[in-house]
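Following: one structure in C-alpha cells, then a few remarks.
Number of protein chains: 2
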Amino acid sequence: MPSMSSLLIHSVYKDSEIVDVLIQNGIFKKISTHIPLNSLDTDTKIVDASQKAILPAFYNAHTHAAMTLLRGYADDMSLFKWLHEYIWVQESKLQKEDIYWASRLAILEMIHSGTVFFADMYWHREETIRAVIESGVKATIGVTFAENLMDKNAIEKNFDFLKEMKSVHPRIKLAVMPHSIYAVESDLWKRCAREARNLGLVLHSHISETKEEVETCLKKTGLRPVEYLESLGVLDENVVLAHAVHLNEKEIQILKKRKVSLVHCPVSNMKLSSGKLNMKALQKAQISVALGTDGAASNNNLDMLEEMKIAALLAKTEGDPEVLNAKEAFSMASLAGAKAYQWNAGEIKETQDADAILVDLNNERMLPMHHLHSNWVYSADSRAIHQVICNGKPLIENKKVKDEDLILENIRRVHHDLKNRH
Amino acid sequence: MPSMSSLLIHSVYKDSEIVDVLIQNGIFKKISTHIPLNSLDTDTKIVDASQKAILPAFYNAHTHAAMTLLRGYADDMSLFKWLHEYIWVQESKLQKEDIYWASRLAILEMIHSGTVFFADMYWHREETIRAVIESGVKATIGVTFAENLMDKNAIEKNFDFLKEMKSVHPRIKLAVMPHSIYAVESDLWKRCAREARNLGLVLHSHISETKEEVETCLKKTGLRPVEYLESLGVLDENVVLAHAVHLNEKEIQILKKRKVSLVHCPVSNMKLSSGKLNMKALQKAQISVALGTDGAASNNNLDMLEEMKIAALLAKTEGDPEVLNAKEAFSMASLAGAKAYQWNAGEIKETQDADAILVDLNNERMLPMHHLHSNWVYSADSRAIHQVICNGKPLIENKKVKDEDLILENIRRVHHDLKNRH
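Each protein sequence line maps, in turn, to chains U and G.
Residues in the first sequence are numbered from 1 upward in steps of one, following the numbering used here.
Residues in the second sequence are numbered from 423 upward in steps of one, following the numbering used here.
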C-alpha cells in the first residue's frame, strides 16, 4: 500500500490564535497550537501559512455548472423571455464536449473563488463527473428528471444508472433530482422519493422560484407547492429545495416539521426579478438554509464570496439590519451546504474532510482586522485567496489551477463552434 | 521644458474591434485601428495589450475614504446604534496620521479594483489630499461643514481655505460639502451654495438617506428634504446629492428641473437597512445617477465592480428585470460620476482624460465573451484587472500598487495604536 499523503499547515491564524493544522488522508487529523516537526511522518509536506487565516471552503449548494458556456448570453430580461427565446434555444445545441469544458470552466472559476464543492443539476452528467474527478474538487451530481424533456426510456435509464452507479468516486455523491413540480408529475415524484430513500441519496429540486409557479400549482392542485409535495409524502430530512422565495407560514411549518433543507440563491432571484426569500421567517423557524449561485447564465458567476455578501445585504432590506450577520452568512455558504448534502465537512475541525481556504491577511481588503469574519464576508474578493484545499490537496499552484490555460483555450474553441452551429 | 510622456496601448480590444490607443500629456490623443510606430515620438512607451480590453476606469462618486480604518469595526446593527455607540466613538479618536494612512489604504484598494477617482467627504482633508497626490489618482475633496461638530471659527477657516486654495493640484478639485440638512442650518446652507457658485465648485451633500431624516425635516419645516433645499434656493446643476432613497414624485420633479445629479450607494443602503433608491422612477425622469461605495465602515469595501453589479440587481427587485441593464450600470459607475463632478473623463474617447482599465480577457470570468459589458458588470472581480491608468499613467506594476507594502505595514501600526488609545 502506498504511503498516504500528509500535509502540515504551519503557523496559521484560526479563531484568534495561531495554530498548526495536520492533514492526513484527506482529513483534519490534528489542530493544535504546536505540532512538533519531529512527530511527523518524514514525507509530510509543510506549508508555511504565516500571515494567512484558515477558513472553511465554500459549498455551493445549487448550480448548473455547465451553464458557464451561456454566461452573459442573455441578461436584463424576464425569466420567460430569457428561457424561451435564449437559454433553451442554446441549450438544445449543446453537445457532450461542450458540457465537459463548460464544467471544467465552472470548476476553475469555483476554485479561484474558494469553492471545493457544488451540487449540480444538468444534462450529460457523465461529462460533469469527469470534470470533477480530473479537477480535484467534489460534487453531488444530479440524476435529473424532467418529463417535459425526457421519454419513458430515458427515465428508466436514469433509475438504472442510480442503482448501478451508487458509488462513482470518493469525491462524488449522486442525488436524485426531479427538476420541479412543473416538470415532473406526481407519480414520478413519488418514485424519485422512494428510490432516493432506498439508495440513501439526497433528493434535490427547485421549489417556489416564481409567483407563476405558485399560482399554477394552486390552480392545478388546490395546494401551494410545499403543501403539494407534502401531500405526495416526498418530504423528509434528505430533501434539499432551492429558491423557496414564495412560501407562506404554513409551508414554512411543513418544511420545519419534515426537516427539509433549503438553498438560497439571492443573485439569481434578484437578477430574474423572481422574488425574495424571507430569511427572517426561516431563521425564526430554525430551518437550515444553504447558499447557491445557481447557474452562470443567471448570476453570472459562481462566486460564493459575492453570493454570501449579497445574501446578507438582501436579508436586511426589509428594515432590520440585524438579520443574517456575517458569521451566519458564512456558515450558510460552507457548513450548511455540506450538511444538506451529507458531507462530513464545512468546519476546520478534527475528523472532518480537510477542505479549507488560506486567506491572505496582507490583502488590502483584509486590513485592518477588527473582525476576520466581517472582512471575509463584507470586504474580500478572490484576490485575498492564497490557497484552496480539497480533501487535503492544495488546488492552486503559482496562482493557477490545474489545466487552467488548456481549459480557457478549449472554452474559446467550443464557444466559437457553438456560435456557428445551427 | 521636459518632454511630455506618451504611451501607446497597442492592439487592445475596444467596442468589438482591435485598436491602438495613443495617450499624450495624460489625454487620449488618438484612437485608431492602426497607429504606425514610426509616427510616434521616440520616447513613447509601448504597452502590448493583446488579449486585453480597454474600458473606462471607475469614478466613485461618494465615499469617506479614511473610514477604511473602521472597516468591519461594527456590522449588522441599526444606523443609530452603529453611529452613536461605535463609529462616532472611534472617529473622535482619529488623528491626522491615521487619516493619511487610511486614505492611502482606501486608494490602494480602489486602484486594485479599477477606480481612479473618488469624491470624498471627511475631516483632515489635507491628509487625504496628500494621499491622493502621492498615489497618482484623482479626487474631488470636500471642504466639509457640520455645525453640530464645528464652531464658528472652524467654519470661517473652511471658507478662507476655499478661497485661497481654489487650485490645489491638477489631479484634485475641491467641493463645498455641507454634511446634510440635519447637520447644517439654512443660513449656512445658503452661504455654502453662494460660495460654491462664486468659486465655480460643485456642492455635495447627503440627502434623504433614512425615513427618520424625512420625518424630522417634515416636522421642523413642513417640507420634505428636497423641497426644503429648493425653498432655500440652493439647488442647481452643480449640486450632487448622495443616497436619495426616500423621494416622492414632487421631489423627483424638482431634482429634474434643477438638473441636480444623484449618487446611488446601494451596498450601504442595504447594509444599514436605510431604504431603496427608486431607479425606475429616476430613469424615467432622466435624472443623472452616479454610483458610490460610501465609506468602508458601512460597505465594507470600496469596490465599484461589486457596487455596480449590486446596483443592477437591486434595481430589479421590484419585479422588472429590464431596469438598469449592464451598460447602464457601468455608465453610472464611470461616466456619470465624472460628469457629476465635472471632469472631462469617463469614456475612452479622444480629448478626454486618459483614465482606463485594461481587462484580462483570459480571466476565467471573462469567458466565454458573448457580451463584454455583461461579463464586466455581472461576472468579473478584481482578479480580471490587468492594469489601471489614471491621466495616462499606469498605476500597477508587477501586480502591486506604489508603496503597497509600506501602506499595509502602517495600517497595522495605526490600527494597533488606535486600539490602545483612550
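A virtual CB, placed ideally from N, CA and C, is assigned to each residue, including glycine.
With respect to chain U, the C-beta atom of G:Tyr-435 has no partner C-beta closer than 7 angstroms. Where U:Asn-60 is concerned, the enclosing beta strand (DSSP E) starts and stops at 58 to 63. Here G:Leu-704 is buried: its Cβ has 16 or more other Cβ atoms, across all protein chains shown, within 10 Å.
Nearest neighbour of U:Ala-326 by Cα position, chosen from G:Asn-722, G:Asp-742, G:Ala-762, G:Ile-732, turns out to be G:Asn-722. Here DSSP, grouped into helix, strand and coil, assigns U:Lys-173 to strand. In this model, U:Gly-114 and U:Leu-335 are separated by some 14 angstroms (Cα to Cα).
Within chain G, the residues placing a beta-carbon under 9 angstroms from that of U:Asp-303 are Arg-787, Ser-801, Asp-803, ordered along the chain. Listed in chain order, the non-local C-beta contacts of U:Leu-418 below 8 angstroms within the same chain comprise Leu-69, Gln-90, Lys-93, Leu-94, Asp-98, local neighbours out to five positions each way being set aside. Taking a beta-carbon distance threshold of 7 angstroms, U:Arg-71 counts as an interface residue toward chain G. Taking the Cβ atoms as the reference, G:Trp-611 lies roughly 15 angstroms from G:Val-662, outside the contact range of under 8 angstroms. Among the residues of chain U, those whose CB is under 8 angstroms from the CB of G:Glu-744 are Asp-76, Met-77, Ser-78, following chain order.
The Cβ-Cβ distance between G:Asn-820 and G:Gln-473 does not fall below 7 angstroms. Going by DSSP, G:Ile-732 is part of the alpha helix (DSSP H) stretching over 726 to 737.
Using a Cβ-Cβ distance cut-off of 8 angstroms, the segment 315 to 334 of chain U and the segment 679 to 696 of chain G are in contact, since at least three pairs of beta carbons, one from each stretch, lie closer than that value. Cβ neighbours of U:Lys-276 within its own chain (closer than 7 angstroms, five residues either side excluded): Val-245, Asn-269, Leu-314.
Rounded to the nearest whole angstrom, the C-alpha separation of U:Ala-193 and U:Leu-203 is 7 angstroms. Here DSSP, grouped into helix, strand and coil, assigns G:Thr-773 to coil. In this structure, U:Ala-196 and U:Asn-238 form a Cβ contact; the two beta carbons are roughly 6 angstroms apart against a cut-off of 8 angstroms. Between G:Asp-497 and U:Ser-374, the C-beta spacing is below 7 angstroms. Within the segment 754 to 773 of chain G, no residue has its Cβ closer than 8 angstroms to any Cβ of chain U.
Distances from the CA of U:Gly-392 to each of U:Glu-164, U:Ser-167, U:Lys-30, U:Ala-290 were compared; the closest alpha carbon is that of U:Lys-30. Counted as a single uninterrupted DSSP element, the stretch harbouring U:Ser-382 is not any alpha helix (DSSP H), since DSSP gives it neither H nor E. C-alpha of U:Thr-293 to C-alpha of U:Met-177: approximately 17 angstroms in a straight line. Here G:Leu-713 is buried: its Cβ has 16 or more other Cβ atoms, across all protein chains shown, within 10 Å. In the three-state reduction of the DSSP assignment, G:His-432 falls in the strand class.
Judged by DSSP secondary structure, G:Gln-446 falls within the beta strand (DSSP E) whose first and last residues are 439 to 446. Listed along chain G are Ser-695, each with a C-beta nearer than 7 angstroms to that of U:Gly-319. Taking C-alpha positions only, G:Leu-677 is separated from G:Lys-731 by approximately 25 angstroms. When CB distances to chain U are screened at a threshold of 7 angstroms, the residues of the segment 670 to 704 of chain G falling below it are Val-689, Met-692, Lys-693, Leu-694, Ser-695, Lys-698, in chain order. With a cutoff of 7 angstroms on beta-carbon distance, G:Ala-760 and G:Ala-479 are scored as not near each other. Apart from sequence neighbours up to five positions away, the residues of its chain that approach G:His-456 with a beta-carbon distance below 7 angstroms are Asp-442, ordered along the chain.
Cβ contact annotation for G:Ala-755 (same chain, cutoff 6 angstroms, sequence separation greater than five): Phe-480, Leu-713, Met-726, Met-730, in chain order.
Inside the segment 540 to 611 of chain G, DSSP marks whole beta strand (DSSP E) runs of 3 or more residues at positions 560 to 567, 594 to 600, from first to last along the chain.
For the 7 angstroms CB-CB criterion, U:Ile-385 and U:Ile-54 do not form a contact. Assignment of U:Ile-396 by DSSP, reduced to helix, strand and coil, places it in the strand class.
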